[in-house]
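So the sequences go chain by chain: S and X.
Per UniProt numbering, the first sequence starts with residue 1, numbered consecutively.
Per UniProt numbering, the second sequence starts with residue 1, numbered consecutively.
Everything on this sheet refers to the single structure shown next.
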Amino acid sequence: MNSFQLALRVLRTDGRTRVSAILIAVGVAVATALVLLLVSLPGATESRADRSAWQQFGEPSSGGASLELAASEDITPDGRQIQRVDVAALADPAQIDLPPGIDRLPAPGEALLSPELADAVDHTPGSQLGERFGANAGVLGDDALAYPEQLVALVGHAPDDMPAAAAPQAGFNPGGQGPDPLLGLLAGVGVVVLTVPSMVLVASAARLIAARRERRLAAFRLAGATPRQVIAMVTAETAIAAAGGALLGWAVSPLLRQAATTVPWGGGTWQASDFVLGAVPTVAIVVVVPLLVVLAAAFGLRRVLSTPLGAAGGHEPKPLHWWRLVPLPVSGALFAFLATTAESQFEATLLLLSMAMVIGSLTLAGPWLTSAIGGMFVRRWRRPSGLLAGRRLRDDPRGAYRATAGVVLAVFTGSMALTVLPSIEGQAGALREYADGVLYVDVDQDSLQRIAADTNEALARYGQDERAVAIGDAFLGNDNAYARVVDCDAAEQLLAVDMRGACEGTPGVYTPYPDVSRDELTVSAEFDQPGTSLPADVPVRPMTAESELAPEVIVDPAVIPSDFTPNAGTVAVPSTPANADVVRTALASAAGGLPVQSRQARLDGQLSQLDDLQRVTVIGLLAASILGGCSAAISTAGSVLDRRRTFGALMAAGTPVRVLARALRAEAALPALVATVGAGVAGTLVGIGLFAVVDDGTEVLTPWLAAPVVLGIGVALIASSVCAPALRRVQAEPLADE
Amino acid sequence: MTTRISGQPPSPAIPARPALSGRGLSKRYGAQHALSGVDIDVTPGEAMAIVGPSGSGKSTLLHVLAGILPADDGEVTLGGRRIDSLGETKRSELRRTEFGFVFQSGMLVGELSAEENAALPTLLAGTGRKEALAEARRWLEHLGLKGKERNRPGELSGGQAQRVAIARALVHRPSVIFADEPTGALDTRTGGETMRALLEAAAGSGAAVVVVTHDRDLAASLPRTVSLRDGRIEADTRAGAVVPA
Numbered sequence: 001m002n003s004f005q006l007a008l009r010v011l012r013t014d015g016r017t018r019v020s021a022i023l024i025a026v027g028v029a030v031a032t033a034l035v036l037l038l039v040s041l042p043g044a045t046e047s048r049a050d051r052s053a054w055q056q057f058g059e060p061s062s063g064g065a066s067l068e069l070a071a072s073e074d075i076t077p078d079g080r081q082i083q084r085v086d087v088a089a090l091a092d093p094a095q096i097d098l099p100p101g102i103d104r105l106p107a108p109g110e111a112l113l114s115p116e117l118a119d120a121v122d123h124t125p126g127s128q129l130g131e132r133f134g135a136n137a138g139v140l141g142d143d144a145l146a147y148p149e150q151l152v153a154l155v156g157h158a159p160d161d162m163p164a165a166a167a168p169q170a171g172f173n174p175g176g177q178g179p180d181p182l183l184g185l186l187a188g189v190g191v192v193v194l195t196v197p198s199m200v201l202v203a204s205a206a207r208l209i210a211a212r213r214e215r216r217l218a219a220f221r222l223a224g225a226t227p228r229q230v231i232a233m234v235t236a237e238t239a240i241a242a243a244g245g246a247l248l249g250w251a252v253s254p255l256l257r258q259a260a261t262t263v264p265w266g267g268g269t270w271q272a273s274d275f276v277l278g279a280v281p282t283v284a285i286v287v288v289v290p291l292l293v294v295l296a297a298a299f300g301l302r303r304v305l306s307t308p309l310g311a312a313g314g315h316e317p318k319p320l321h322w323w324r325l326v327p328l329p330v331s332g333a334l335f336a337f338l339a340t341t342a343e344s345q346f347e348a349t350l351l352l353l354s355m356a357m358v359i360g361s362l363t364l365a366g367p368w369l370t371s372a373i374g375g376m377f378v379r380r381w382r383r384p385s386g387l388l389a390g391r392r393l394r395d396d397p398r399g400a401y402r403a404t405a406g407v408v409l410a411v412f413t414g415s416m417a418l419t420v421l422p423s424i425e426g427q428a429g430a431l432r433e434y435a436d437g438v439l440y441v442d443v444d445q446d447s448l449q450r451i452a453a454d455t456n457e458a459l460a461r462y463g464q465d466e467r468a469v470a471i472g473d474a475f476l477g478n479d480n481a482y483a484r485v486v487d488c489d490a491a492e493q494l495l496a497v498d499m500r501g502a503c504e505g506t507p508g509v510y511t512p513y514p515d516v517s518r519d520e521l522t523v524s525a526e527f528d529q530p531g532t533s534l535p536a537d538v539p540v541r542p543m544t545a546e547s548e549l550a551p552e553v554i555v556d557p558a559v560i561p562s563d564f565t566p567n568a569g570t571v572a573v574p575s576t577p578a579n580a581d582v583v584r585t586a587l588a589s590a591a592g593g594l595p596v597q598s599r600q601a602r603l604d605g606q607l608s609q610l611d612d613l614q615r616v617t618v619i620g621l622l623a624a625s626i627l628g629g630c631s632a633a634i635s636t637a638g639s640v641l642d643r644r645r646t647f648g649a650l651m652a653a654g655t656p657v658r659v660l661a662r663a664l665r666a667e668a669a670l671p672a673l674v675a676t677v678g679a680g681v682a683g684t685l686v687g688i689g690l691f692a693v694v695d696d697g698t699e700v701l702t703p704w705l706a707a708p709v710v711l712g713i714g715v716a717l718i719a720s721s722v723c724a725p726a727l728r729r730v731q732a733e734p735l736a737d738e
Numbered sequence: 001m002t003t004r005i006s007g008q009p010p011s012p013a014i015p016a017r018p019a020l021s022g023r024g025l026s027k028r029y030g031a032q033h034a035l036s037g038v039d040i041d042v043t044p045g046e047a048m049a050i051v052g053p054s055g056s057g058k059s060t061l062l063h064v065l066a067g068i069l070p071a072d073d074g075e076v077t078l079g080g081r082r083i084d085s086l087g088e089t090k091r092s093e094l095r096r097t098e099f100g101f102v103f104q105s106g107m108l109v110g111e112l113s114a115e116e117n118a119a120l121p122t123l124l125a126g127t128g129r130k131e132a133l134a135e136a137r138r139w140l141e142h143l144g145l146k147g148k149e150r151n152r153p154g155e156l157s158g159g160q161a162q163r164v165a166i167a168r169a170l171v172h173r174p175s176v177i178f179a180d181e182p183t184g185a186l187d188t189r190t191g192g193e194t195m196r197a198l199l200e201a202a203a204g205s206g207a208a209v210v211v212v213t214h215d216r217d218l219a220a221s222l223p224r225t226v227s228l229r230d231g232r233i234e235a236d237t238r239a240g241a242v243v244p245a
């Protein structure tokens, strides 16, 4: 009988080995399915980027251009982002290669809209949305969209009616920008954060039969089996379960992919085809994941191989040393120091290393803390359940902690992210150049006055009182201080500055540094170019910049020399919540494809990205916690089965199941709580440290921080839920069994 | 090492004990009859052995009498009160208070010390920590385990572990002690010493002892022996007399 046949016989005859094999298969299946999904994420973002590549500028063509194109962004009245592409055919439209999902090029005055945008246009007054694009002449297909809900407008023009930003191209941009690096990074983190609990689940399943298998293998060794033969037996037993699990994971991965398509990222959900992984990586994952499990199982046999008698006779746990606690404060202090001082790239790398050290320290300190809690119960027990739980934790703190180790990493990472993200969210939009509600378009000097005039004409047509203002760019003095050329009242209204009553006086120069030298009062249109002197008697008045991005100097046009012409500028219009959409429509139509910007739009973009991150963090935490809970539950069941004869005897002697279940619940729940709360606190502290590096602002601690603790309690509840059923199963078995 | 029981058991007063009876007890496992109409009486304070070949129904009879297994037919009474018709909760409570158990390999809780194992029944019954441990220590000392109170089961010999199990079976002063192959895992000498310790301690507390065993010598040392075969009582022998089944 070879090893494979022996393994099959064991699986057929031993119920507990069968249960363990099934659980190992489930753990491997979950790990395989998760890895298959996570590894496909970068490719998924690349698919999106490829589909939407035509929405971006392509390589400018100096000769042989078939079309002229301008790409810009806009938003709907309800704040959703629109991708706008203005296009004009320079050759026969029939000869222009169209991207997938686009049937034809829109004629001048026509627009092809994505289904979601067409729907929004149908349900919104024309002056607020539809008039920005022209006549709706058709629908863009899914293959032309990054994601199904994307709002895209392909607007047709005559060549002489194109926006100033348009550029001639040989054709539509054919290639995407590659994978989203942020999601690629998150996928990498996810592989670690979710695979570790999956593997802990596998290890917990293996523990169900650890004692029985050790005895069996030790018997084989004592009977003369070689180490190679013993390894072959275990490898065959584990390989059957792991290979089955990997195939199961591969089989269910389409369901996981389908579920993943509903998770929004970067503005929308996904197409099912986005997550398709190539044959080579798929086969590699389906082979490597079970292979690692088999190697781990073979590695776990080293004690049986070296001391079969020792394995057969059992062993006493070694006490844990206090030095396990030392690395935690040391790495924590190192992290805190680097977090407050790191400036260079090298120091930032050290900071990440120290963060990894904190994680490693948690793994070392966890069992010690578990043991300490066990000791506390042992000293202060009032009920047998407290004594039993305390002793068990004290005797095998590593085993008790191991079951929840997978959750530690996830909770640590999640808590860190949930600390950093809201803090960054609190800072989002804080850097601003313009006042709230101001819509603006950055333009070149040639278009500055024209766009301002066209906007004002449209605003008047729409019956709005607001007026667009042309603001020129300039550089002041030898220090090249960034200056905006605009009158004082308009600056007060449009820019993120406080003019501090300076507009009462005659026109002048306004700056937070009013003691500026007269020699510095020169303006130039280009950075680091010789400037034109301002009048000698120009008054310099104080003002306050309200943000780091706000201009350092305001120069009233009345004091600018007549021979000075700015090279670029901005057309800015104030708006209120009530008329923002009309103002945007007026400015967008005048700007002809140049992006209309606002603090709110930037804020929405930042918040949307933070929402994405927060969402995937919580999903990851949830998945890791479910896996961790299952691991802890299996470990608990294993610990009951390991002691089935003792528990059976106690119950036969009249010990109520509830008393033993209470002890086991405490035994299962305490390490889970310690692990998750400890990891949560450490993650929060590290998150605060990281935020201190990236920003000087105050941390924003939100209720989301309670999520890891809640999940920890969830893990503890899942872990402890199996106590009573496992005991009842033991109770139902004959005492003489085993 | 020979261990002597030291002095009187911890309880000076021996209360009146109820008699345990089984009438017409039958138990089937599928098509197999483990017990077929067994009648048996256990009088207070007596010590008896139940013997028979493997599969004769010894352990099943012990488990049915102790209320661990329900009988398919027949009734079990303790002091005239039927206990087989009680619910599982009541039967558990009865086992906890009226019965004590000694199993083949002690079945001690590995994480607990000898005194904590011995104190477990009284702790579970709600006795305070100090009082329960003190009582357990008295029994351990009585059974010759002074100085071993803090040892874990893994640090005790097989005989010592069985003495802890005996202390655990006696600490709550049961009416009947059920012992299932109590010396099965011990050598002859240690087994003999352990049985002596069990019988002397039980006699001192007034508890009856029902021992299931394969060991004919052990059975012969007890005042009464019930022989089972194929689920029926083959013989019921009292010292000096054979009572027809």
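All C-beta atoms, glycine included, are put in the ideal place defined by N, C-alpha and C.
For this session: Report yes or no: is there a C-beta of chain S within less than 8 Å of the C-beta of Pro70 (chain X)?
Result: no
Exercise. Under the three-state reduction of DSSP, which class applies to Pro60 (chain S): helix, strand or coil?
Worked result: strand
Exercise. Buried or exposed: Gln104 (chain X), going by 16 or more other Cβ atoms within 10 Å of its Cβ?
Worked result: buried
Exercise. In whole angstroms, what separates the C-alpha of Asp642 (chain S) from that of Val230 (chain S)?
Worked result: 22 Å
Exercise. Roughly how many whole angstroms lie between the Cα atoms of Ala400 (chain S) and Ile68 (chain X)?
Worked result: 32 Å
Exercise. What's the call for Thr646 (chain S), buried or exposed, on a 16-neighbour Cβ count within 10 Å?
Worked result: buried
Exercise. With burial defined as no fewer than 16 other Cβ atoms inside 10 Å of the residue's Cβ, what is the status of Ser273 (chain S): buried or exposed?
Worked result: exposed
Problem set entry | Per-residue contacts from Leu388 (chain S) into chain X (C-beta, under 8 Å) | Val109, Glu111 and Leu112
Exercise. Span of the alpha helix (DSSP H) holding Phe103 (chain X)?
Worked result: Counting along the chain, Phe103 (chain X) falls outside any alpha helix (DSSP H), and DSSP gives it neither H nor E.
For this session: Select from the UniProt domain "ABC3 transporter permease C-terminal" (621 to 734) of chain S all residues with a C-beta closer than 9 Å to any C-beta belonging to chain X, and list them in chain order.
Result: Arg643, Arg645, Thr646, Phe647, Gly648, Ala649, Leu650, Met651, Ala652, Ala653, Gly654, Thr655, Pro656, Val657, Val659 and Pro734
Exercise. Which residue comes first and which comes last in the beta strand (DSSP E) that contains Met651 (chain S)?
Worked result: Here Met651 (chain S) belongs to no beta strand (DSSP E); instead the alpha helix (DSSP H) covers Arg644 to Ala652.
For this session: Leaving out five residues on either side along the sequence, give the residues of the same chain with a beta carbon under 7 Å from the beta carbon of Gly314 (chain S).
Result: In this prediction, Gly314 (chain S) scores a pLDDT of 42, lower than 50, which makes its location untrustworthy; no coordinate-derived value is stated.
Exercise. How would you list, in chain order, the residues of chain S whose beta-carbon sits under 8 Å from the beta-carbon of Gln131 (chain X)?
Worked result: A small correction: the amino acid at residue 131 (chain X) is Glu; Gln does not occupy that position in the sequence shown. By Cβ distance, chain S contributes nothing, its closest Cβ being about 13 Å from Glu131 (chain X), past 8 Å.
For this session: Please decide whether Asp395 (chain S) counts as near chain X, where near means a Cβ-Cβ distance under 8 Å.
Result: yes
For this session: Measuring alpha carbon to alpha carbon, tell me which of S:Ala580, S:Ala675 and S:Ala724 ends up nearest Gly79 (chain S).
Result: S:Ala580
Exercise. Looking only at its own chain, which residues have a Cβ that is under 6 Å from the Cβ of Leu113 (chain S), when we skip the five neighbours before and after it?
Worked result: Asn136 and Ala153
For this session: Could you check the C-alpha separation between Arg48 (chain S) and Ala94 (chain S) for me, to the nearest Å?
Result: 26 Å
Problem set entry | Within-8 Å CB hit, Ser92 (chain X) to chain S | yes
Problem set entry | Contact set between Leu123 (chain X) and chain B, taken where Cβ atoms lie within less than 7 Å | Given the protein chain composition of this structure (S and X), no chain B is represented.
For this session: State the CB to CB distance for the pair Val420 (chain S) and Leu621 (chain S), rounded to an integer number of angstroms; the pair is presumed to be in contact (CB under 8 Å).
Result: With 8 Å as the limit, Val420 (chain S) and Leu621 (chain S) do not qualify as a contact, their Cβ atoms being about 14 Å apart.
Problem set entry | Min CB distance Arg9 (chain S) to chain X below 8 Å | no
Problem set entry | Buried versus exposed call for His63 (chain X) [16 or more other C-beta atoms within 10 Å across all chains shown] | buried
Problem set entry | Beta-carbon gap between Met48 (chain X) and Val212 (chain X) smaller than 8 Å | no
Exercise. Regarding Thr570 (chain S) and the ligand ZN, is the C-beta to nearest heavy atom distance less than 7 Å?
Worked result: As presented, the structure is devoid of all ligands, the ligand ZN included, so that no description of it is given.
Exercise. Looking at the unbroken alpha helix (DSSP H) that takes in Ile285 (chain S), where does it start and where does it end?
Worked result: Ala279 to Phe299
Exercise. Rounded to the nearest angstrom, how far is the Cβ of Trp270 (chain S) from that of Ala44 (chain S), given a contact under 8 Å?
Worked result: 6 Å
Problem set entry | Minimum length 3: unbroken beta strand (DSSP E) runs contained in the region 90 to 124 of chain S | 110 to 113
Problem set entry | Proximal residues to Ser30 (chain S) (C-beta, below 6 Å), its chain only, five neighbours per side dropped | According to the sequence shown, residue 30 (chain S) is Val rather than Ser. Excluding positions up to five away in sequence, the list reads Ser198.
For this session: For Asp41 (chain X), write down the residues that DSSP places opposite it in a beta bridge.
Result: X:Ser21
For this session: Could you tell me the distance, in whole angstroms, from the CA atom of Ser533 (chain S) to the CA atom of Ser524 (chain S)?
Result: 9 Å
Exercise. Buried or exposed: Leu20 (chain X), going by 16 or more other Cβ atoms within 10 Å of its Cβ?
Worked result: buried
Exercise. Span of the alpha helix (DSSP H) holding Ile177 (chain X)?
Worked result: Not the alpha helix (DSSP H): Ile177 (chain X) falls in the beta strand (DSSP E), residues Val176 to Asp180.
Problem set entry | Same chain, Cβ closer than 7 Å to Val358 (chain S), five either side skipped, listed in chain order | Ser331, Gly332, Phe335, Ala682 and Val686
For this session: Report the rounded CA-to-CA distance for Pro671 (chain S) versus Ala241 (chain S), giving the unit in angstroms.
Result: 28 Å
For this session: Excluding the 5 residues preceding and the 5 following Glu135 (chain X) in the sequence, name in chain order all residues of the same chain whose CB lies nearer than 8 Å to its CB.
Result: Pro10, Ala119, Thr122, Thr127 and Val171
Problem set entry | Per-residue burial, Asp86 (chain S) [other beta carbons within 10 Å of its own, 16 or more giving buried] | buried
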